[in-house]
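For reference, the structure is listed below as structure tokens.
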Amino acid sequence: MQNIAEIALLMGVGFLAGVINTLAGGGSLITLPILIFLGLPPSVANGTNRIAIVIQSLFGSLGYRSKGFTPNRFTFFLGLSASLGALLGAQIAIDIQGALFNKILAIVMLIVVVLIVISPKQKLGNLEERLQGKYFVWALLGFFVIGIYGGFINAGIGFVIMLFLTQINRLDLISTNATKVTVVFIYSLFALGTFAWNGKVDWLMGLWMALGTSLGAWLTSRWSVKKGEQVVKIALLIMVSVLSVKLWFFS
138 MQNIAEIALL MGVGFLAGVI NTLAGGGSLI TLPILIFLGL PPSVANGTNR IAIVIQSLFG
198 SLGYRSKGFT PNRFTFFLGL SASLGALLGA QIAIDIQGAL FNKILAIVML IVVVLIVISP
258 KQKLGNLEER LQGKYFVWAL LGFFVIGIYG GFINAGIGFV IMLFLTQINR LDLISTNATK
318 VTVVFIYSLF ALGTFAWNGK VDWLMGLWMA LGTSLGAWLT SRWSVKKGEQ VVKIALLIMV
378 SVLSVKLWFF S
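Given below as structure tokens:
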């Protein structure tokens with residue numbers, strides 16, 4: 138049973154992760170190591186983190202839907218392809234040794250957060266979407282690979298999805314975010330099921346964190362945040378740098 142301080146931490150970190158994940162990606166860079174630091178084995182922390190991801194993505198998707206962005210067939214096909222990859226990635230994460238997983242997570246955290254910090258702003262504009270033919274095939278293959286990574290760690294996956302959809306399929310940023318949260322919801326259900334089947338989920342801790350992430354995702358999906366981007370990036374870089382050092386040297 139968690140004490141009040143742990144519950145407050147789980148909900149607070151969850152809320153921040155929900156905002157970050159819905160805007161771009163990287164929330165798991167915070168939630169996953171926090172769960173490990175609270176005493177969960179790496180594989181259980183990884184599985185528990187999926188509860189927050191599933192619920193947060195659902196609320197984010199519903200938020201976009203309430204604003205008129207309804208998932209289309211393209212989105213569901215991407216979700217199916219990513220789900221097949223997520224099943225594979227989740228099984229790899231379950232089988233890997235805890236200490237090795239911590240070191241992989243530390244490296245991934247630093248790489249992803251640096252990419253987030255130095256990435257140029259995407260411009261909103263009227264782009265001609267590319268959703269058929271070879272671009273549809275590339276999207277299916279790309280999201281299968283993305284699903285493997287999402288099933289394995291999921292840290293920073295939103296950034297990768299946004300980059301793919303804007304550059305390959307030429308979706309605008311709003312459509313990209315709406316597609317992203319729906320696809321993540323779909324494949325995360327499969328990943329969560331895999332972790333749960335193997336007994337790698339702490340449901341209570343995951344649900345407390347999910348309360349925070351769902352609120353953050355719902356609010357962020359309905360209102361576009363324009364200010365403070367650089368402050369968020371700097372804070373994220375500092376926080377993740379500290380957490381990655383802790384994971385590498387003191388896990």
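Residue numbers (my numbering): 138 to 388.
All C-beta atoms, glycine included, are put in the ideal place defined by N, C-alpha and C.
Status (buried if at least 16 other CB within 10 Å, exposed otherwise) for F213: The residue given as residue 213 occupies position 76 in the sequence shown. So F213 counts as exposed.
Helix, strand or coil at F174 [DSSP, three-state]: By one-based count along the sequence shown, residue 174 stands at place 37. Reduced to three states, the DSSP call for F174 is helix.
Ordered list of alpha helix (DSSP H) runs contained in the region 142-222, each at least 4 residues: 165-174 and 179-203
C-beta atoms of T313 and L302 nearer than 8 Å: Reading the sequence shown from its first residue, position 176 is the one you call residue 313. Reading the sequence shown from its first residue, position 165 is the one you call residue 302. A distance below 8 Å separates the beta carbons of T313 and L302.
Which of helix, strand or coil DSSP assigns to Q234: By one-based count along the sequence shown, residue 234 stands at place 97. Reduced to three states, the DSSP call for Q234 is coil.
Range of the contiguous alpha helix (DSSP H) that encloses L278: For the purposes of this step, residue 278 is taken as the residue at position 141 of the sequence shown. K271 to F289 is the extent of the alpha helix (DSSP H) around L278.
Rounded straight-line distance, which links the Cα of N209 to that of S165: As a position in the sequence shown, residue 165 is number 28, starting the count at 1. As a position in the sequence shown, residue 209 is number 72, starting the count at 1. One C-alpha to the other measures close to 26 Å.
N- and C-terminal bounds of the alpha helix (DSSP H) containing L300: The residue labelled residue 300 in the question sits at position 163 within the sequence shown. I294 to Q304 is the extent of the alpha helix (DSSP H) around L300.
DSSP state of L344 mapped onto helix, strand, coil: Here residue 344 corresponds to residue number 207 of the sequence shown, with the count starting at 1. Correct three-state label for L344: helix.
Three-state secondary structure (DSSP) of N314: In the sequence shown, residue 314 corresponds to position 177, counting from 1. Correct three-state label for N314: helix.
Which of helix, strand or coil DSSP assigns to V338: Taking the first residue of the sequence shown as position 1, residue 338 is located at position 201. In this structure, V338 counts as coil in the three-state DSSP scheme.
Cβ-Cβ separation, G235 to S180 (assumed contact under 8 Å), whole Å: Sequence index remark: in the sequence shown, residue 180 carries index 43 (1-based). Sequence index remark: in the sequence shown, residue 235 carries index 98 (1-based). Sure, about 7 Å apart at Cβ, within 8 Å.
Environment of V98 [buried if 16+ CB atoms lie within 10 Å]: What the structure shows of the chain is the stretch from 138 to 388, and residue 98 is not part of that stretch, so it cannot be assessed.
Proximal residues to L199 (C-beta, below 7 Å), its chain only, five neighbours per side dropped: Looking up residue 199 in the sequence shown gives position 62. If we look at L199 and ignore the five residues flanking it on each side, it has no Cβ neighbours.
Contact check, V191 vs L329, beta carbons under 8 Å: As a first step, residue 191 must be located in the sequence shown, where it is residue number 54. As a first step, residue 329 must be located in the sequence shown, where it is residue number 192. A contact, by the Cβ cut-off of 8 Å.
Residue from V321, P170 and N140 whose Cα sits closest to the Cα of A239: For this step, residue 239 is matched to residue 102 along the sequence shown. At residue 239 the sequence reads Asn, which differs from the Ala that was named. Minimum Cα distance to N239 is reached at P170.
8 Å Cβ cutoff met for G155 and G293: As a working note, residue 155 is residue 18 in the sequence shown. As a working note, residue 293 is residue 156 in the sequence shown. Taking 8 Å as the Cβ cut-off, G155 and G293 do not qualify as a contacting pair.
6 Å Cβ shell around S218 - same chain, five flanking residues per side excluded: By 1-based counting over the sequence shown, the position of residue 218 is 81. Residues L277, F280 and F281 of the same chain have their beta carbon placed closer than 6 Å to that of S218, with the five preceding and five following residues left out of the count.
Pick from A315, T331, L341 and G343 that is closest to F196, judged by C-alpha positions: Counting from one through the sequence shown, the residue named residue 196 turns up at place 59. If we check each option's Cα against that of F196, A315 comes out closest.
Three-state secondary structure (DSSP) of N239: Numbered from 1 along the sequence shown, position 102 holds the residue referred to as residue 239. Note: N239 maps to helix in three-state DSSP.
Beta-carbon gap between W345 and I144 smaller than 8 Å: Along the sequence shown, read from residue 1 onward, the residue named residue 345 stands at position 208. Along the sequence shown, read from residue 1 onward, the residue named residue 144 stands at position 7. A contact, by the Cβ cut-off of 8 Å.
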